[in-house]
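Engineer:
Number of protein chains: 2
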Amino acid sequence: MTPKENKENNNDGAFFLRAKPVDIQTGHPWEVIIHYEDGKTYDIRAGDELTLKWGQKKTEVGVNISKNIIKPGEIGLLQDILDKFNIPEGAVVELKLAPLASSLVCIQKKLVGRHLSYESIRAIISDIVNYHLDDVQIAFFVASAFMKNGFSNEEIYYMTKAMAETGEMLHWDGIVADKHSIGGVPGNRTTPLVVSIISSLGIKIPKTSSRAITSEAGTADVMEAVCAVEFNIPQIKEIVDQTNACLIWGGALKLAPADDRILKVSYELGIEPYSKIVTSIMAKKVAMGATHLVIDIPIGPGLKMHKMQEALKMKNIFEYLAKKFNIKINVVIEEILGPVGRGIGPALEIRDILRVLSQADNRPLDLERRAVKLAGNLLELTNKAKKGAGETMAREQLKNGEALAQFRKIVAAQGGDGNLSESSIKIGEQSYEVKSATSGIVKNIDNLKLIRLVRLLGSPITKEGGVYLNKVLGEKVEVGETLFTLYTTGEQRLTLTINELAKNQPYLIV
Amino acid sequence: MTPKENKENNNDGAFFLRAKPVDIQTGHPWEVIIHYEDGKTYDIRAGDELTLKWGQKKTEVGVNISKNIIKPGEIGLLQDILDKFNIPEGAVVELKLAPLASSLVCIQKKLVGRHLSYESIRAIISDIVNYHLDDVQIAFFVASAFMKNGFSNEEIYYMTKAMAETGEMLHWDGIVADKHSIGGVPGNRTTPLVVSIISSLGIKIPKTSSRAITSEAGTADVMEAVCAVEFNIPQIKEIVDQTNACLIWGGALKLAPADDRILKVSYELGIEPYSKIVTSIMAKKVAMGATHLVIDIPIGPGLKMHKMQEALKMKNIFEYLAKKFNIKINVVIEEILGPVGRGIGPALEIRDILRVLSQADNRPLDLERRAVKLAGNLLELTNKAKKGAGETMAREQLKNGEALAQFRKIVAAQGGDGNLSESSIKIGEQSYEVKSATSGIVKNIDNLKLIRLVRLLGSPITKEGGVYLNKVLGEKVEVGETLFTLYTTGEQRLTLTINELAKNQPYLIV
């Protein structure tokens, strides 16, 4: 018996308090405030966990104590719980000291190195989704994945399946293509290009993306510069019906919702186990109903994956899972030095994308090459193109303008301007050209330093902020020539970034 | 680079808000509330962590967001932080997005199986004490102790040393005796007896104890039935000067304060690694300045330690650490079936203790035997008694009344009644005798079920609540004879407990 169970038994009966909304948003879910006197009466202390019941709804909440904010007999409900449950003021809620989540025993087992059954893993994931496990308990679960022989392939499969099945799941007819890049390369915005190419050929590709995590902006942040990215499932169905595609933020849906909570605690640690990264991606693909999938793993200094060996390990897990879920998969590993494309930051990246789609002379050829490669791969995987003919087919869709037309159609379906072009993209009016002090060749562009600058310029929140690379890797530079240009909306941010340049110059000229 | 670092760099400059006290106690330390508008201005979200600076004082705080509780430009400071820092209303505090704790890298290393240096472990422990690591991050650290070859003996030593040194440390002249029981045995209240015996012989034994964790009551809870147990260090020095001893709550001091935070997250998991239990005990002993120590490890069903093998493992770690810290140690392992003594609950246990001290006919002989054994051990360890003569010397202090006089002296020094006797102890006026339905021998008393009943009767908060065992293990029972008696203060609690009896009868009569 644990202390927590003891305490529960000490308060066998439930007690009742009247709801009172309190306008505080906490970031850690489900906090309530009870009065000091009630705390004494029911032997509840600050930091305890209670099970709160209101009608059929039930959740666990953390307890705060106050003498003034609320009165005895009341329970202050904070914003996050109100948003979810809509409990009206004065409603009577039932409270009870929370028992330990039953799946905690499974986490304990995993921590001491035992193999878990599907039922056990499903119980853990389900308790995560339903807030029966708190962040500390989830951290113990994530920690178990770091251990030698932490999770077997079978357990990774169980976890992926459970994560997908405890959230929303989409179903489509026929082929559903998808692509995913393991992030970290600035400007590597191939997704809108791949999606436009693939869907212009009549293949369904409903694409959910993330916002910035480790990069300067996520695909969702970038698309948001030109259209909405938050939709519910019926709206997504409609967009896909119209265009064969969508380019939306996955976070607004409830796809594999356990992942968000797991991500939050991994983020606190600062590193993730491989198995977690793969599970997280695959669970969302399974939930999204993907049948054909290309995974892009860029490797290089400053990226999520540093070494070929790590990437190959990850590839193996992806292929194992894809087989289990009956998804056709292609994992592409490519070494990437420096950024891809010239624009870094939402608006600047969309401008690059439109330059590629309109085949402008000043389009970034490296971005085009990567997008064509991934799209070609996906075309071959879906048997739309013969083996070896995928890239030619993909490139043709760029040349004949169909990919551009398709991109505009998607933007319009998502509430944006269906006639947008390179020149209609607004770039930050505050700018500063960084000149080269030496002449030579651009030998290196440090991804991490570059991302830092782009963030300082306001990306991804300030859509117009970012860096444009006037010179890219391998190009010749003369003294006084512009290396790169800073863009943002406020003078203060610009000054801040210029000052940062003294410490962090991303270019190496040799 | 991790996302969190990114974000910090995105907000290089600090910002300033005016302090406003908010009457909420959270249980998770250091929460603040900022206004929604300020959150937007400074790109701070609910759940973010900030470094708060006020003069020379500095801490990390979790962010809550509100539109009404406070105004723009203000920062709501919750009770826990106000209690520590005493920041006056209207004071201007400096805020900044908190960087990742530098010791987090050490936790990451430990999680992937690396050996840590003293400097690394010290950095982790120091960041725990100073709230630079949050509960989730501490959970990852605790989790690493579960791994195969998780912590080497050397790392356990480093951890113990760092835990002791990051808190208050007491220094005394000469021999400082101490004893510690690994808990879980109901009624096993040997500490007040051992302390009285030892100190009556002129040996210093400043004893700190815990409150109830897994048991029905801790020694601190029990002593609180007859005197105060919370003192600061100068007060403790004074009590020890007067009596050679003290019997106080350790939690009121700042001995090895990292342990409290680590305990909190282990408690959320529900199990602890051995290394954690030993480290936790030894760090407090080192901080308390102990030179001679007897550790009592009871093993048995329903106790913290179930098997001899586990207890021996623990004994080895204790002995290793004691050698490192130059503490003379004796680890006593004894199998215990059922409870010890007859009274279970603070007042009932103090009554048992006074019965032993006054050598009353109805004193619990098993409690006496265990106390004499441990005290004898300690007398031999400190060379007060010759090898083999310790128990006789201890027993003599009971017989000649010096231990009783000494106990009264300690109680008086801690603000209690220096003339207290068995009859002056108040027992709950609500009582209920549980009769036997069969005749036979008391074959088993289930510790966990017994603890549950005692807790239901209000222990440890209701000092007068508890169970008195009219029959103990091995005794003969006739039909209708009283097996045990419930005591408490309120009728409701009594009824609740009587109802519980239908499900949980701790006695087995065969």
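Protein sequences, first through last, are from chains A and B. In terms of this note's numbering, the first sequence is residues 1 to 510. In terms of this note's numbering, the second sequence is residues 511 to 1020. Glycine residues also receive a C-beta, built at the ideal position from the N, C-alpha and C atoms.
Determine the direct distance from the alpha carbon of S790 (chain B) to that of D769 (chain B), and round the result to whole angstroms.
Structural biologist: Here residue 769 (chain B) refers to the residue found at position 259 when the second sequence is read from its first residue. Here residue 790 (chain B) refers to the residue found at position 280 when the second sequence is read from its first residue. Near 6 Å, if we compare the C-alpha coordinates of S790 (chain B) and D769 (chain B).
Engineer: Is A524 (chain B) helix, strand or coil when you go by DSSP?
Structural biologist: The sequence position of residue 524 (chain B) within the second sequence is 14, counting from 1. Correct three-state label for A524 (chain B): coil.
Engineer: Could you tell me which uninterrupted alpha helix (DSSP H) segments, each at least 4 residues in length, are contained entirely in the region 659-716 of chain B, listed from first to last along the chain?
Structural biologist: 663-675, 701-710, all fully within the region 659-716 of chain B.
Engineer: Strictly under 9 Å for the Cβ-Cβ distance: is D637 (chain B) near chain A by that measure?
Structural biologist: Counted from its first residue, the second sequence places residue 637 (chain B) at position 127. Judged by the 9 Å Cβ criterion, D637 (chain B) is not in contact with chain A.
Engineer: Our contact map puts T536 (chain B) next to L588 (chain B) with C-beta atoms below 8 Å; I'd like the distance itself, whole angstroms only.
Structural biologist: Translated into positions along the second sequence, residue 536 (chain B) becomes position 26. Translated into positions along the second sequence, residue 588 (chain B) becomes position 78. With 8 Å as the limit, T536 (chain B) and L588 (chain B) qualify as a contact, their Cβ atoms being about 6 Å apart.
Engineer: Rank A:Q505, A:R455, A:Y468, A:D23 by C-alpha distance to the C-alpha of A217 (chain A) and give the top, closest one.
Structural biologist: Taking the first residue of the first sequence as position 1, residue 217 (chain A) is located at position 217. Nearest of A:Q505, A:R455, A:Y468, A:D23 to A217 (chain A), Cα basis: A:R455.
Engineer: Could you check which residue in B:V686, B:V739, B:K530 has the C-alpha nearest to that of I713 (chain B)?
Structural biologist: Along the second sequence, read from residue 1 onward, the residue named residue 713 (chain B) stands at position 203. Nearest C-alpha to I713 (chain B): B:V686.
Engineer: Count the other CB atoms within 10 Å of the CB of E559 (chain B); is the residue buried (16 or more) or exposed (fewer)?
Structural biologist: The residue labelled residue 559 (chain B) in the question sits at position 49 within the second sequence. With 16 or more other Cβ atoms within 10 Å, it is buried.
Engineer: If we cut at 9 Å on Cβ distances, does F146 (chain A) have a partner in chain B?
Structural biologist: Position 146 of the first sequence, counted from the start, is the residue given in the question as residue 146 (chain A). By this cut-off, F146 (chain A) is an interface position.
Engineer: Is the shortest distance between the beta-carbon of L1011 (chain B) and the beta-carbons of chain A less than 9 Å?
Structural biologist: In the second sequence, counting from the first residue as 1, residue 1011 (chain B) sits at position 501. By this cut-off, L1011 (chain B) is not an interface position.
Engineer: Tell me whether C106 (chain A) sits in a helix, a strand or coil according to DSSP, three-state version.
Structural biologist: Taking the first sequence and counting its residues from 1, the one referred to as residue 106 (chain A) is at position 106. In the structure shown, C106 (chain A) sits in a helix (DSSP, three-state: H, G or I).
Engineer: Could you tell me which residues DSSP puts in a beta bridge with Q535 (chain B)?
Structural biologist: Along the second sequence, one-based indexing puts residue 535 (chain B) at 25. Q535 (chain B) pairs with A:I65.
Engineer: Output the distance between the C-alpha atoms of N887 (chain B) and G900 (chain B), rounded to the nearest integer angstrom.
Structural biologist: Position 377 of the second sequence holds residue 887 (chain B). Position 390 of the second sequence holds residue 900 (chain B). If you take the alpha carbons of N887 (chain B) and G900 (chain B), they lie about 6 Å apart.
Engineer: Would you verify that the beta carbon of F151 (chain A) is, or is not, closer than 9 Å to some beta carbon of chain B?
Structural biologist: To locate residue 151 (chain A), count along the first sequence from 1; it is residue 151. Output row for F151 (chain A): interface = no.
Engineer: For S210 (chain A), which residues in chain B fall below 7 Å Cβ to Cβ?
Structural biologist: Within the first sequence, numbered from 1, the residue matching residue 210 (chain A) stands at position 210. Neighbours of S210 (chain A) on chain B: none; closest Cβ ~11 Å, over 7 Å.
Engineer: In chain order, what residues of the region 567-583 of chain B put their CB closer than 9 Å to some CB of chain A?
Structural biologist: Taking 9 Å as the Cβ-Cβ cut-off against chain A, the residues of the region 567-583 of chain B that qualify are G572, V573, N574, I575, S576, K577, N578, I579.
Engineer: Any contact between the region 728-739 of chain B and the region 892-910 of chain B? By contact I mean 3 or more CB pairs, one from each, below 8 Å.
Structural biologist: Taking 8 Å as the limit for Cβ pairs, the verdict is that the region 892-910 of chain B does not touch the region 728-739 of chain B.
Engineer: Can P849 (chain B) and V732 (chain B) be called in contact, C-beta distance under 9 Å?
Structural biologist: As a first step, residue 849 (chain B) must be located in the second sequence, where it is residue number 339. As a first step, residue 732 (chain B) must be located in the second sequence, where it is residue number 222. In this structure, V732 (chain B) does not lie closer than 9 Å to P849 (chain B) by Cβ.
Engineer: Residues in its own chain within less than 6 Å of A870 (chain B) by CB, not counting five upstream and five downstream?
Structural biologist: Counted from its first residue, the second sequence places residue 870 (chain B) at position 360. Hits under 6 Å: none found.
Engineer: Nearest to K577 (chain B) by alpha carbon, out of A:G167, A:P21, A:L374, A:M147?
Structural biologist: On the second sequence, position 67 is the one that residue 577 (chain B) refers to. Of the candidates A:G167, A:P21, A:L374, A:M147, the one whose C-alpha sits nearest the C-alpha of K577 (chain B) is A:P21.
Engineer: Taking Cβ positions only, does V732 (chain B) come closer than 9 Å to chain A?
Structural biologist: By 1-based counting over the second sequence, the position of residue 732 (chain B) is 222. Chain A contact via Cβ: absent.
Engineer: Quick one: Cα of E89 (chain A) to Cα of G76 (chain A), how far?
Structural biologist: In the first sequence, the residue the question calls residue 89 (chain A) occupies position 89. In the first sequence, the residue the question calls residue 76 (chain A) occupies position 76. One C-alpha to the other measures close to 10 Å.
Engineer: Taking the alpha-carbon of G474 (chain A) as reference, which of A:G466, A:V510, A:P506 has the nearest alpha-carbon?
Structural biologist: Looking up residue 474 (chain A) in the first sequence gives position 474. Of the listed residues, the one whose Cα sits closest to G474 (chain A) is A:V510.
Engineer: Pick helix, strand or coil for S785 (chain B), following the three-state DSSP scheme.
Structural biologist: Taking the second sequence and counting its residues from 1, the one referred to as residue 785 (chain B) is at position 275. Residue state, collapsed to three classes: helix.
Engineer: Anything in the region 91-108 of chain A with a Cβ closer than 9 Å to a Cβ of chain B? List those residues in chain order, please.
Structural biologist: Result list: L100, L104, V105, I107, Q108.
Engineer: Could you name the residues of chain B that R45 (chain A) contacts, counting a contact when the two beta carbons are closer than 7 Å?
Structural biologist: Taking the first sequence and counting its residues from 1, one reaches residue 45 (chain A) at position 45. The answer, in chain order, is G537.
Engineer: Tell me which residues share the same chain as L960 (chain B) and place their Cβ nearer than 7 Å to its Cβ, disregarding the 5 neighbours each side in the sequence.
Structural biologist: As a first step, residue 960 (chain B) is located in the second sequence; it is residue number 450 there, counting from the start. For L960 (chain B), where only same-chain residues beyond five positions count, the Cβ hits under 7 Å are P696, P849, I854, V977, P1016.
Engineer: Taking buried to mean at least 16 other C-beta atoms within 10 Å of its own C-beta, is T511 (chain A) buried or exposed?
Structural biologist: Nothing about residue 511 (chain A) can be reported from this structure: the residues present for chain A run from 1 to 510 only.
Engineer: State the DSSP-derived secondary structure class of D127 (chain A), mapped to helix, strand or coil.
Structural biologist: As a first step, residue 127 (chain A) must be located in the first sequence, where it is residue number 127. D127 (chain A): helix per DSSP, three-state reduction.
Engineer: Taking 8 Å as the cut-off, is the CB of E165 (chain A) close to at least one heavy atom of the ligand PLP?
Structural biologist: The ligand PLP is absent from the structure shown, which contains no ligand whatsoever.
Engineer: Using a Cβ-Cβ distance cut-off of 9 Å, determine whether V850 (chain B) contacts chain A.
Structural biologist: For this step, residue 850 (chain B) is matched to residue 340 along the second sequence. Judged by the 9 Å Cβ criterion, V850 (chain B) is not in contact with chain A.
Engineer: Out of B:N659, B:I743, B:L867, state which residue places its alpha-carbon closest to the alpha-carbon of K913 (chain B).
Structural biologist: Along the second sequence, one-based indexing puts residue 913 (chain B) at 403. Here residue 913 (chain B) is Ala; the residue named in the question, Lys, does not match the sequence. When only C-alpha atoms are compared, the closest one is B:L867.
Engineer: So F140 (chain A) contacts chain B; which residues on that side make the cut at Cβ distance below 9 Å?
Structural biologist: Here residue 140 (chain A) corresponds to residue number 140 of the first sequence, with the count starting at 1. What F140 (chain A) touches in chain B: A649, F650, V652, A653, F656, V775, E778, L779.
Engineer: Based on Cα-Cα distance, which residue from B:E1010, B:I971, B:S934 lies nearest to S725 (chain B)?
Structural biologist: Locating residue 725 (chain B) in the second sequence gives position 215, where the first residue counts as 1. That would be B:I971, whose Cα lies nearest to the Cα of S725 (chain B).
Engineer: Mind reading off the beta-carbon distance from I297 (chain A) to A311 (chain A)? Whole number of angstroms is fine, and I expect it under 8 Å.
Structural biologist: To locate residue 297 (chain A), count along the first sequence from 1; it is residue 297. To locate residue 311 (chain A), count along the first sequence from 1; it is residue 311. With 8 Å as the limit, I297 (chain A) and A311 (chain A) qualify as a contact, their Cβ atoms being about 5 Å apart.
Engineer: Mind checking which residues open and close the alpha helix (DSSP H) that includes A220 (chain A)?
Structural biologist: Reading the first sequence from its first residue, position 220 is the one you call residue 220 (chain A). Here the alpha helix (DSSP H) through A220 (chain A) covers 219-223.
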